[in-house]
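For reference, the structure discussed in these notes is given below.
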Amino acid sequence: MIFKKGIKLLSLSVLFLGLSSLMQADKGFITVDGKNIEFDVERQYQPAPSYPRKALRLAKEGYVIVEFDVSPDGDVMDPFILEGEPAGLFDRAAMKSIRKWIYQPPVHEGVSVQVSDVKVRLSFRVQ
666 MIFKKGIKLL SLSVLFLGLS SLMQADKGFI TVDGKNIEFD VERQYQPAPS YPRKALRLAK
726 EGYVIVEFDV SPDGDVMDPF ILEGEPAGLF DRAAMKSIRK WIYQPPVHEG VSVQVSDVKV
786 RLSFRVQ
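In our numbering, the protein residues as written are 666 to 792.
What follows is the structure, encoded as structure tokens:
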């Protein structure tokens, strides 16, 4: 992306803390017999968020932590922002991307289950 007034060309990429492979497991919880059990869910599809123009213009970097549930079909449900730095700058880009993520349908003992309280940190870096 080229900036006005001769500011040099920057190559941009959005880096995810802990997203080093195409298939990535995230942790959440399922409830079995009234007890919460930690459960891994495996990502199958995870489009990277676009870098917000305002953040690019301000040369800002940061992160967003998002929490959501994974449906028995592997869809992301009810995502919400837990934390972001700088506050609000990357929230929209993170949410737009997370809503498109798809997980391997979670199965526990042969039964499809919903996984709750999955947390993911997305880091935004200008390189």
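Think of the CB as a built atom: it goes at the ideal place given N, C-alpha and C, for glycine as much as any other residue.
So what does DSSP say about residue i, is it helix, strand or coil?
{"i": "Arg-790", "result": "strand"}
{"i": "Ala-720", "result": "helix"}
{"i": "Ala-690", "result": "strand"}
{"i": "Arg-764", "result": "coil"}
{"i": "Asp-738", "result": "coil"}
Between the options, which lies nearest to residue i when the distance is taken from Cα to Cα?
{"i": "Ser-715", "options": "Val-772, Val-735, Arg-757", "result": "Arg-757"}
{"i": "Leu-787", "options": "Pro-771, Gln-769, Leu-747", "result": "Leu-747"}
{"i": "Pro-770", "options": "Ser-736, Arg-790, Asp-698, Lys-784", "result": "Ser-736"}
{"i": "Val-785", "options": "Gly-739, Val-772, Pro-744", "result": "Pro-744"}
{"i": "Tyr-768", "options": "Pro-717, Lys-719, Val-741", "result": "Val-741"}
{"i": "Arg-708", "options": "Asp-738, Arg-790, Gln-792", "result": "Asp-738"}
{"i": "Val-731", "options": "Val-791, Gly-749, Phe-789, Asp-698", "result": "Gly-749"}
Rounded C-beta distance between residue i and residue j? I'm assuming under 8 Å.
{"i": "Trp-766", "j": "Gln-689", "result": "That pair is no contact at about 10 Å."}
{"i": "Val-793", "j": "Val-783", "result": "In this structure the chain extends from 666 to 792, so residue 793 is not present and cannot be described."}
In the DSSP output, what is residue i paired with across the bridge?
{"i": "Ile-702", "result": "Ile-695"}
{"i": "Glu-774", "result": "Answer is none; Glu-774 lacks a bridge partner."}
message: Could you check whether the region 687 to 707 touches the region 747 to 765, counting it as contact only if at least three pairs of C-beta atoms, one from each stretch, sit closer than 8 Å?
response: Result no; under three Cβ-Cβ pairs closer than 8 Å.
message: Across the region 722 to 731 and the region 765 to 782, are there enough close Cβ pairs to call them in contact, namely three or more that are closer than 8 Å?
response: Segments in contact, no.
task: Mind the definition here: the region 762 to 769 touches the region 698 to 705 only if three or more C-beta pairs lie below 8 Å; say whether that holds.
output: no
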